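Enquirer: Numbering-wise (the working numbering), the sequence shown opens with residue 520 and increments by one.
Mind looking over this structure? Questions follow.
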Amino acid sequence: PLITLILEGMIDGKQGDKLKQIIPLTNLNMTSQLCYMLESLLQPYENISDPLEDIIYSCYFMQALYWSLGAALTEQSRITFDAQVKYLASMSLVDEGPDGTAKYDELPT
């Protein structure tokens, strides 16, 4: 759904505006970039005998998603992208004030 949002402007089956990219990328470019980013984030753990918890994999995936797909977007398009990621993730949203930070199973607002 996120690549479709970026390239075609489709949100929940409804046509909207395409997100604007700083650097034009195809869906294959974005998918490759996401995979390379995820691979680089997980590489330090490839020789560890105990697997990471599923939630940790989710955290790394979210980081790779923002750094790959979100990185090529203009500032205004990143706002739409961020809102859609948070909607699709269905994780708790937390206001990161001066006292606290988002935990591994939460997303900052």
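Where a beta carbon is used, it is the ideal one built from N, C-alpha and C, also for glycine.
Source: prediction; values computed, not measured.
Using the Cα positions of Phe600 and Leu521, report the straight-line distance between them to the nearest angstrom.
Expert: In the sequence shown, counting from the first residue as 1, residue 600 sits at position 81. In the sequence shown, counting from the first residue as 1, residue 521 sits at position 2. Phe600 and Leu521: Cα-Cα distance of roughly 8 Å.
Enquirer: Which runs of the alpha helix (DSSP H), 4 residues or longer, sit entirely within the stretch 528-568?
Expert: Entirely contained in the stretch 528-568, the alpha helix (DSSP H) runs reaching 4 residues are, in chain order, 546-561.
Enquirer: Sort Gln582, Thr550 and Thr628 by Cα distance to Leu561 and report the nearest one.
Expert: Along the sequence shown, one-based indexing puts residue 561 at 42. Comparing Cα-Cα distances from Leu561 to each of Gln582, Thr550 and Thr628, the minimum goes to Gln582.
Enquirer: Between the C-alpha atoms of Ser587 and Val613, what's the straight-line distance to the nearest angstrom?
Expert: Along the sequence shown, one-based indexing puts residue 587 at 68. Along the sequence shown, one-based indexing puts residue 613 at 94. Whole-angstrom Cα-Cα distance: 23 Å.
Enquirer: In chain order, what residues of the same chain lie with their CB nearer than 8 Å to the CB of Leu607, ignoring the 5 residues before and after it?
Expert: Along the sequence shown, read from residue 1 onward, the residue named residue 607 stands at position 88. Correct list, in chain order: Pro520 and Leu521.
Enquirer: CB-CB under 6 Å to Met529, same chain, minus the five flanking residues each way: which ones, in chain order?
Expert: Taking the sequence shown and counting its residues from 1, the one referred to as residue 529 is at position 10. Answer for Met529: Thr523, listed in chain order.
Enquirer: Taking just the CA atoms, how far does Ala621 sit from Gly535?
Expert: As a first step, residue 535 must be located in the sequence shown, where it is residue number 16. As a first step, residue 621 must be located in the sequence shown, where it is residue number 102. Whole-angstrom Cα-Cα distance: 31 Å.
Enquirer: Let me know if Ile574 comes out buried or exposed under the rule of 16 or more other beta-carbons within 10 Å of its beta-carbon.
Expert: Start at 1 with the first residue of the sequence shown, and residue 574 comes out as number 55. By the 10 Å Cβ count, Ile574 comes out exposed.
Enquirer: To the nearest whole angstrom, what separates the beta carbons of Tyr579 and Leu557, a pair I think is in contact under 8 Å?
Expert: As a first step, residue 579 must be located in the sequence shown, where it is residue number 60. As a first step, residue 557 must be located in the sequence shown, where it is residue number 38. With 8 Å as the limit, Tyr579 and Leu557 qualify as a contact, their Cβ atoms being about 7 Å apart.
Enquirer: Taking the straight line between their C-alpha atoms, what separation do you get for Met610 and Glu527?
Expert: The residue labelled residue 610 in the question sits at position 91 within the sequence shown. The residue labelled residue 527 in the question sits at position 8 within the sequence shown. Near 25 Å, if we compare the C-alpha coordinates of Glu527 and Met610.
Enquirer: Pick from Gly589, Leu571 and Ser568: whose alpha carbon is nearest that of Met549?
Expert: The residue you call residue 549 lines up with position 30 of the sequence shown. Cα-wise, what sits closest to Met549 is Gly589.
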